[in-house]
Amino acid sequence: MLLLADKWQDYELIDMGNGEKLEKWGDYVLRRPDPQIMWPMASEWSLWKNPHGHYHRSARGGGQWEHKKKYPEKWVISYKDLKFNISPTGFKHTGLFPEQAANWDWSMDLIKNAKRPIKVLNLFAYTGGATVACAAAGAEVCHVDASKGMVAWAKENVQTSGLGDRKVRFIVDDVVKFVEREVRRGNKYDAIIMDPPSYGRGPKGEVWQIEEKLYGLVDLCTKVLSDEPLFFLINSYTTGLSPIILEHILDATVAKKAKGGKIYGGEIGLPASRDGKVLPCGIFGRWESK
């Protein structure tokens with residue numbers, strides 16, 4: 158299954174080729190590398206040569222932005238009624254993964270149609286795209302990430318979207334340790350979202366390796382699922398990881414606890430406006446109650 162995030166108005170994947178993509182974020186055009194783009198560029202036309210910002214990788218690792226035209230350090234873009242603060246970082250990222258809109262729409266629809274209060278646990282929650290979406294749909298959200306800076310950015314996104322009055326709890330912590338404490342406290346959630354990295358370290362040096370830790374974390378999370386769970390979403394950008402693996406993990410954990418439900422997985426992607434080619438942007442595994 159391939160899901161497209163094709164309902165954007167403030168974001169556009171314009172063109173891609175030669176390991177780079179050309180994107181429009183609101184009023185500003187950025188040129189960034191992407192290892193998935195292994196085919197040649199049709200032509201390096203004018204906008205390729207003169208974007209607002211062009212990120213160049215360094216042979217020593219990392220890289221830096223070349224500012225070709227003036228643009229602000231931070232600006233806001235919208236997705237439907239949601240608003241996000243965009244700020245190009247030294248690691249080429251902008252603070253938002255626009256392909257996740259495909260998952261936001263799905264989560265929001267399920268929450269709105271549940272016709273009951275829904276509590277969502279968002280793990281490895283980054284700058285809070287899913288947190289904003291779920292809060293906007295009416296859910297109570299617990300947002301957990303090990304990075305203090307990313308959690309601060311997520312708080313700002315919630316405020317910018319006009320959702321400051323919603324019940325959103327922000328936690329800076331190692332995800333596994335937090336869930337273990339929630340199990341001991343007896344706290345429960347109706348929906349769980351996670352976007353685990355391939356490799357990472359918690360605030361106290363805790364090591365995360367997705368191949369070794371993912372099944373155990375998903376299994377642990379079943380202990381904080383409510384008696385009427387609504388959905389469970391695993392998103393991943395780990396190269397070589399198949400969505401079938403995520404389906405098998407969900408089947409052995411969440412579906413077993415919930416005694417059924419619907420499981421499916423696939424890829425999410427962004428269509429390029431120049432020629433309609435789809436840029437693959439990671440995989441997902443979903444469990445939902447119906």
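Final position of the sequence shown in our numbering is 447; the numbers increase by one with none missing.
We put the beta carbon where it would ideally sit given N, CA and C, even for glycine.
What residue range does the alpha helix (DSSP H) around residue i cover?
i: methionine 307; result: 305–317
i: glycine 285; result: Neither: glycine 285 is in no alpha helix (DSSP H) and is coded neither H nor E.
Indicate the three-state DSSP secondary structure (helix, strand or coil) for residue i in the structure shown.
i: lysine 206; result: helix
i: glutamine 257; result: helix
i: tyrosine 394; result: coil
i: aspartate 262; result: helix
i: glutamate 128; result: Examination of residue 128 is not possible in this model, given that the chain is present from 158 through 447 alone.
i: phenylalanine 241; result: strand
i: arginine 273; result: coil
i: glycine 418; result: coil
i: tyrosine 372; result: helix
With DSSP as the reference, please indicate the residues paired to residue i in a beta bridge.
i: valine 435; result: Pro428
i: tryptophan 365; result: Gly357
i: asparagine 279; result: His300, Ile350
i: histidine 250; result: Looking at the DSSP assignment, histidine 250 forms no beta bridge with any residue, so it has no partner.
i: aspartate 172; result: Leu179
i: leucine 161; result: Gly426
i: valine 336; result: DSSP, once it has assigned bridges, lists no residue as partnering valine 336.
i: tryptophan 222; result: Tyr212
i: arginine 341; result: Its beta-bridge partners do not exist; DSSP assigns none.
i: isoleucine 268; result: Isoleucine 268 pairs with nothing; no bridge assigned.
i: proline 190; result: Glu177
i: aspartate 382; result: Checking the sequence, you will find leucine at residue 382 rather than aspartate. Answer is Tyr346, bridged to leucine 382.
i: tyrosine 185; result: Trp182
If distances are taken between C-alpha atoms only, which option among the options comes closest to residue i?
i: valine 289; options: Gly220, Val301, Trp310, Ser318; result: Ser318
i: glycine 183; options: Leu436, Leu267, Tyr236, Gln316; result: Tyr236
i: glycine 174; options: Gly442, Ile440, Arg443, Arg431; result: Arg431
i: glycine 252; options: Glu201, Ser304, Ala292; result: Ser304
i: cysteine 299; options: Met265, Arg323, Gly306; result: Arg323
i: glutamate 201; options: Gly359, Phe254, Asp172, Glu313; result: Asp172
i: tyrosine 372; options: Leu382, Asp408, Glu297, Leu170; result: Asp408
i: isoleucine 234; options: Pro208, Glu169, Ile440; result: Glu169
i: phenylalanine 389; options: Ile350, Val325, Lys225, Leu161; result: Ile350
i: serine 446; options: Lys312, Asp384, Pro245; result: Asp384
i: glycine 439; options: Ile268, Ile401, Glu369; result: Ile401
Can you tell me where the beta strand (DSSP E) with residue i in it begins and where it stops?
i: aspartate 302; result: 297–302
i: aspartate 408; result: Per DSSP, aspartate 408 belongs to no beta strand (DSSP E); it is in the alpha helix (DSSP H), 400–409.
i: isoleucine 234; result: 232–236
i: isoleucine 328; result: 325–329
Suppose the cutoff is 6 Å on Cβ atoms and the five residues either side in sequence are ignored; what does the same chain contact list for residue i look like?
i: glycine 417; result: none
i: valine 375; result: Ile406, Thr410
i: glycine 359; result: Ala303, Asp331
i: tyrosine 185; result: His209, Tyr228
i: tryptophan 261; result: Ala290
i: threonine 395; result: Ser355, Ile367
Go through its chain and collect everything with a Cβ distance to residue i's Cβ below 7 Å, but skip five positions before and after it.
i: glycine 220; result: Tyr212, His213, Arg214, Lys249
i: isoleucine 328; result: Cys299, His300, Val301, Phe335
i: phenylalanine 281; result: Asp302, Val332, Met351, Asp352, Pro353, Pro354
i: alanine 292; result: Val298, Val315, Leu320, Arg323, Val325
i: lysine 312; result: Phe327
Confirm the yes/no value for this check: CB of residue i, any heavy atom of the ligand NAD, distance under 8 Å.
i: leucine 403; result: Of the ligands one can find in the structure shown there are none, so the ligand NAD has no counterpart to examine.
Please go through the same chain and pick out, in chain order, the residues whose beta-carbon is closer than 8 Å to the beta-carbon of residue i, but skip the five residues on each side of it.
i: methionine 265; result: Ala290, Cys291, Ala293, Ala294
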